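Trainee: Below are the structure tokens for one structure; questions will follow.
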Amino acid sequence: MRSVEENSSHDFAEQSNGKVLTILIIIVCLVFFSSSWGKRQPVESIKATGLKYLTEQEIIGCSGFTDSAVLRHGAISLTDIERNIVRNKFIRSVQAWRTGLGDITVEVTEREPVAAICGDDGILRYLDSAGVFLPYRLFAAISDVPIFYGIRQYDSTSIREQCLRILQDLRNYGDESWTRQIGTVTWNADKRYWQLHFEDYDISALVSPGSDMYLQLSGLHATLKDIGCAGKLQIDLRWENKSVVSAKAG
């Protein structure tokens, strides 16, 4: 048989466990009802951050916040806001959260153009790092990016991948003092090579698409270090462990 002390301790433990469970249930209920109540509150304003090319009005316009159904019911889902905004071709990602009663903040990550492809029609189509073409309106606000010429099927996935791989190799080489000078890249479809053109110098370099770009860039860097950047030069890097330098015509 249990002693009186044992029964008292057991009863006390049961009471303590019951109180803890009751408190937990109350907390869960408060969190649930608070969340539900917050979701039902009317949205008074949406603030957008992280914008460079877009305006806050555009973000609000594509968020669904201005829809008549939303205004009539006075509630809006953060998930719906994110889903609506990310449909915009300029947007890479978006995150929305409530910053106060009736206020929502939307943090936007825009797609950044890294290159432009000029097709046979002469129109520039800007490309982001994921290979996504960006809308025409970026043209006026865009910073300088390398332009690729001589590409007939500009919308080909393999072509876009090649362009992005060249850009990545240029970045990975690690010497931006001269790789940033490469302003245009031309594809010679007949002879199957890329021609890199320097902006501030009358120099071009021929590279093979299937070869190790790092080795070719190393050869280009070594050649320019030896001969300098004066004169009209063409440097052919398509030969293994060799650079062929010739004067440009004209």
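Quick note: to get my numbering, add 60 to the position in the sequence shown (first position is 1). Built from N, CA and C at the ideal position, the CB exists for glycine as well. Predicted model, so just to flag it, every value in this text is computed and none were measured.
#1: Compare the Cα-Cα distances from L184 to each of I120, G160, R171 and R212 and report the closest residue.
#2: Between G210 and L111, what straight-line distance do the alpha-carbon atoms span, to the nearest angstrom?
#3: Looking at the unbroken beta strand (DSSP E) that takes in G160, where does it start and where does it end?
#4: Less than 7 Å between C-beta atoms, sequence neighbours within five positions excluded: which residues of the same chain meet that for K292?
#5: Report the rounded CA-to-CA distance for S237 versus A282, giving the unit in angstroms.
#6: Which residues in the same chain as E118 place their Cβ atom closer than 8 Å to its Cβ, once the five residues preceding and following it in sequence are excluded?
#7: According to DSSP, Y186 sits in a beta bridge with which residue or residues?
#8: Which residue's Cα is closest to the Cα of D188: E167, I164 and R225?
#9: Taking the beta strand (DSSP E) that A265 belongs to, which residues open and close that run?
#10: Out of L161, D286, V304 and T246, state which residue places its alpha-carbon closest to the alpha-carbon of G179.
#11: Leaving out five residues before and five after D273 in sequence, what residues of the same chain have Cβ atoms less than 6 Å from its Cβ?
#12: Output the distance between the C-alpha atoms of V192 and P173, rounded to the nearest integer angstrom.
#13: Using the C-alpha atoms, what's the distance from V154 back to T109?
#14: How many angstroms separate the CA atom of L280 from the CA atom of I151?
#15: Applying the 10 Å Cβ sphere with the 16-neighbour rule, what's the burial state of P269?
#16: Mind reading off the beta-carbon distance from A175 to P206? Whole number of angstroms is fine, and I expect it under 8 Å.
Mentor: Walking through what the data contain:
#1: If you number the sequence shown from 1, residue 184 lands on position 124. With distances taken between Cα atoms, L184 lies closest to R212.
#2: Here residue 210 refers to the residue found at position 150 when the sequence shown is read from its first residue. Here residue 111 refers to the residue found at position 51 when the sequence shown is read from its first residue. Straight through space, the alpha carbons of L111 and G210 are spaced by roughly 33 Å.
#3: Translated into the one-based positions of the sequence shown, residue 160 becomes position 100. Unbroken beta strand (DSSP E) run through G160: I151 to G160.
#4: In the sequence shown, the residue the question calls residue 292 occupies position 232. Residues D262, A307 and K308 of the same chain have their beta carbon placed closer than 7 Å to that of K292, with the five preceding and five following residues left out of the count.
#5: Numbered from 1 along the sequence shown, position 177 holds the residue referred to as residue 237. Numbered from 1 along the sequence shown, position 222 holds the residue referred to as residue 282. Between S237 and A282, the C-alpha separation is close to 14 Å.
#6: Position 58 of the sequence shown, counted from the start, is the residue given in the question as residue 118. These residues qualify, in order along the chain: N148.
#7: The residue you call residue 186 lines up with position 126 of the sequence shown. According to DSSP, Y186 bridges with A176.
#8: Locating residue 188 in the sequence shown gives position 128, where the first residue counts as 1. Ranking E167, I164 and R225 by Cα distance to D188 puts R225 first.
#9: As a position in the sequence shown, residue 265 is number 205, starting the count at 1. DSSP places A265 inside the beta strand (DSSP E), whose first and last residues are I263 to V267.
#10: Counted from its first residue, the sequence shown places residue 179 at position 119. Ranking the options by Cα distance to G179, first place goes to T246.
#11: Locating residue 273 in the sequence shown gives position 213, counting from the first residue. In the sequence as displayed, the identity of residue 273 is Met instead of Asp. Answer for M273: D229, listed in chain order.
#12: Stepping through the sequence shown from its first residue, residue 192 is reached at position 132. Stepping through the sequence shown from its first residue, residue 173 is reached at position 113. A straight line joining the alpha-carbon of V192 with that of P173 spans about 9 Å.
#13: Walking along the sequence shown from the start, residue 109 turns up at place 49. Walking along the sequence shown from the start, residue 154 turns up at place 94. The straight-line gap from Cα to Cα measures roughly 10 Å.
#14: Position 220 of the sequence shown, counted from the start, is the residue given in the question as residue 280. Position 91 of the sequence shown, counted from the start, is the residue given in the question as residue 151. Cα to Cα, L280 sits roughly 37 Å from I151.
#15: As a first step, residue 269 is located in the sequence shown; it is residue number 209 there, counting from the start. Exposed, since its Cβ has fewer than 16 Cβ neighbours within 10 Å.
#16: Translated into positions along the sequence shown, residue 175 becomes position 115. Translated into positions along the sequence shown, residue 206 becomes position 146. The C-beta distance from A175 to P206 rounds to 5 Å, short enough to fall under 8 Å.
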